[in-house]
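Following: one structure in structure tokens, then a few remarks.
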Amino acid sequence: MQHEQQPPSAPRGSHQGARRYTIQSKFGNARTPRSRKNRPCDICRRRKTACVITDKPPCHFCKSRGLECLSSPLVPNAAAASASPEDVESAGQLSVGEGVFSNFVAPSPSSAGGQDSASPAVVHYGLSHLPPGIPPDETVENKSTSMPSRGSSIDEQDTSQPFHALEDIGDRTSHSMGSAAEQDPHFLSAFRSLLLSEQDEIDANIIQVHDGGQGVGRHPVHFLLLLNGFPDHTNNAVKAASDTIETKVWPHGPALVRLYFKHIHPVYPIVSKVRFLRRYADDRLELPASLRGAVYALACVFWNQDPQLTDPCPFQQYELVAEAHSALRRELEAPNLFKLQACLLLLHITPPDIDSVETPTTWFMASQATACAQMIGLHQDPGPWNIAPWEKKLRKRLWWAVFATDCWSAVCHGNPPHIGPSTFDTTPLTVDDLRFDEDVPEDLHYLVNPEDRQFRVANSARCLEAVNLAQTLRSILDCSYLVKPTMVEPQAQCCLQTAYDRLQEWPSLVPHCLTVGSGRENPHNGPLNLSYYAVQVLLFRALMSPATREAKANPDSNLSKWFSTALDSFKSFACFMDEISEEDLTGFWGRHARSQLILCGNFLIYLFLLASKPQDIEAAYRLLEKFHQSLQRLGGTEDLSARLLLRPVILRIDSFFLQATELIKKGRQDMVAESPSVS
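In full-length UniProt numbering, the protein residues as written are 1 to 679.
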């Protein structure tokens, strides 16, 4: 490579009388970051990354990626021939600065008009000590190697613009840096440096994925790229858990993956299908042990529904779950999207057969998933960020799964949700977000059944409606179920009325493919419809509050005003339960379905005991009796998961019927005793 310069006496840009000198450069020897004598390799030159060679090729970057480290001869161009000494010197210095900071300061397409932070960043870098090894630029040129490949639904996207990579970046993990992090985000836009260890090794660096724009209250978005390094005992524990999981399921791993995408994924599509399958096919051990354990554990419940698995399941679900939890506890030191998926899936394991109430670990694990999601920045809208489109879609999908999990887990015990209404700005989920990564390429067909190889509109519609119901639920919780109310009574009533109107329209607006009834083609709609009735329960309880004896006797109370409406609305719930078959119960309902059934069953008891008019008492009793008959019919199923789903609500309804006479008698006596005497 040659650098040609003119003497200082010549006018800049002049070609006449120019005295030129050359610096011969070679490739193949040791090379320091600022070297102009030894030529960089082709890969580092194209990436504008400092090429560091300790003794002989490959350089540090090519060695870390397993790439062929070569350097092609360069042909001097006219621009280089006419460059001034100042230009050449400047170019020589900036090549190093850009190598470290090109992924930091290059403005994204959405940041037009934002502040130009390139120069301050390079100046600040010049004041830093240059470590022996420069970290690879974490931008993605053309198509990211971390993207789902052949046959993926993202193949048609525009990949000409380099993107930052927040996932699949080797031995590094990206952590979100919020506005209250260790450094001011606006300051970081202008001044950023590396975090070096005592040995001058890079522990962490920072990238900016969005400059924040010019809006009021908007700030630049940064991520800390942290080098993953753990003690041997941590690595050994994760490896032991991974080995145990694979040993227990061998040779049935692929069959369990097929069962997972047949039974769980249509109801709960949080795993990026092609991305997971590609990694599993290439090297399953590259997937977190916790995620593999969670997928296997949820799938083994459906072992008997696969005609190819003729032998009994050789392991118990709890064995895989224990190993998955053991791995996850350590893997969350470096959170990412795969590990968040494991957090969400492990919440839905089969409950113990002795439970009559939801276990507190459901709430604890929901908080773990929320913390993991916030740690990797899912609570911020990725729309304007300079990251790959596939990652934006997956981040949105997972955030709304976390949001719904937080809402329903809070309801299990009546706790306030972890996610505050002003703590996120992720935009609503769309069909395109769910369409991504659902079309399985031909070389991965062996891991899924034929009917699960392509995108299904019904699955995306089901997921969208589930998120919409969770948002409605959250608005109801914020109106009436907070520890410290934030709304005055008229405002809360207006909010509840809006939720009521929305829920009244839901059955007529929901697509027909999501209904429950005889002759339907899709068997996965029960959980969605059950959650709809559970949201209705909390709405009517808020509208009818307070549910006291005094309110029951007062015709002007909220209880009296809304009682008939609630009674009429819940007739459809009794019909819904009557239409559920034993076969429906053998599908995947998720862990929250038990609490939702408890809410609905208890609400029927609520209506019966609070009815004051004879016709209302009779109507409420008929609903309660019809529900009881449905439970008796379904409770005889031989499917263990179905029995565990029904057990808590069956215990409550049976207990009520055993004590109904005493409850009614006591209620009447208390009302007579509390009524004012007539003189």
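Where is the CB? At the ideal position from N, CA and C, for every residue including glycine.
None of these values were measured; they are calculated from a predicted model.
Start and end residues, alpha helix (DSSP H) containing residue i
i	result
Gln208	Segment Ile202 to His210 is the beta strand (DSSP E) holding Gln208; no alpha helix (DSSP H) there.
Leu559	Asn558 to Ser569
Val537	Gly526 to Leu543
Thr515	No alpha helix (DSSP H) holds Thr515; DSSP gives it neither H nor E.
His186	Pro185 to Ala190
Lys626	Pro614 to Leu634
Ser595	His592 to Leu610
Trp363	Thr361 to Met375
Pro288	Neither: Pro288 is in no alpha helix (DSSP H) and is coded neither H nor E.
Ile264	Neither: Ile264 is in no alpha helix (DSSP H) and is coded neither H nor E.
His233	Asp232 to Val249
Arg284	Per DSSP, Arg284 belongs to no alpha helix (DSSP H) and is neither H nor E.
Ala553	Arg549 to Ala553
Burial state of residue i (16 or more Cβ within 10 Å)
i	result
Ile134	Here the model assigns Ile134 a pLDDT of 36, short of 50, so the residue's position is not dependable, and the following value carries that caveat. Under this definition Ile134 is a buried residue.
Asp432	exposed
Asn336	buried
Cys494	exposed
Pro314	exposed
Thr244	buried
Phe573	buried
Ile169	buried
Gln16	For Gln16, the predicted model reports a pLDDT of 45, less than 50, meaning its position is unreliable and no value from the coordinates is stated.
Arg46	exposed
Asn235	exposed
Ile598	buried
Gln659	exposed
Cys51	buried
Pro527	buried
Asn449	exposed
Pro58	buried
Lys525	The question names Lys, but residue 525 in the sequence shown is Asn. When all chains shown are included, Asn525 counts as buried.
Pro266	buried
Tyr318	exposed
Lys239	exposed
Thr362	buried
Asn187	The question names Asn, yet the displayed sequence has Phe at residue 187. Under this definition Phe187 is an exposed residue.
Glu438	buried
Cut-off 6 Å between Cβ atoms - residues of its own chain near residue i, not counting five sequence neighbours on either side
i	result
Ala366	Thr405, Asp406 and Ser409
Leu277	Leu444 and Leu447
His219	Ser179, Pro185 and Gly212
Ala299	Leu256, Leu259 and Tyr260
Gln651	Residue identity differs from the one stated: residue 651 is Leu in this sequence, not Gln. Around Leu651: Ser356.
Trp385	Val209 and His210
Trp400	Leu429 and Val467
Arg279	Glu286 and Leu287
Residues of its chain near residue i, where Cβ-Cβ distance is below 8 Å and the 5 sequence neighbours each way are ignored
i	result
Ala342	Pro288, Ser290, Leu291, Gly293, Ala294, Ala324, Leu328 and Glu331
residue 688	Outside the shown range of the chain (1 to 679) lies residue 688, about which nothing can therefore be said.
Pro360	His413
Bridge partners - residue i, DSSP secondary structure assignment
i	result
Ile580	In the DSSP output, where bridge partners are listed per residue, Ile580 has none listed.
Ile169	Arg172
Val488	DSSP, once it has assigned bridges, lists no residue as partnering Val488.
Arg31	Ile53
Lys26	Asn38
Leu194	Per DSSP, none; premise fails for Leu194.
Close-in-space but distant-in-sequence residues of the same chain around residue i (CB under 7 Å, 5 per side omitted)
i	result
Thr54	Ala30
Phe656	Ile605
Ala566	Phe540, Met544 and Leu607
Gly383	Lys392 and Thr427
Phe403	Ile419 and Ala470
Pro269	Leu434, Asn459 and Cys463
Limits of the beta strand (DSSP E) - the one that residue i falls within
i	result
His222	Val221 to Leu227
Check your understanding: Which residue spans inside the UniProt domain "Zn(2)-C6 fungal-type" (40 to 69) form an unbroken alpha helix (DSSP H) run of at least 4?
Key -> 42 to 47 and 60 to 65
Check your understanding: Which residue spans inside the segment 398 to 458 form an unbroken alpha helix (DSSP H) run of at least 4?
Key -> 431 to 435
Review point. Going along the chain, which unbroken runs of the alpha helix (DSSP H) with 4 or more residues stay wholly within the segment 309 to 338?
Key: 317 to 331
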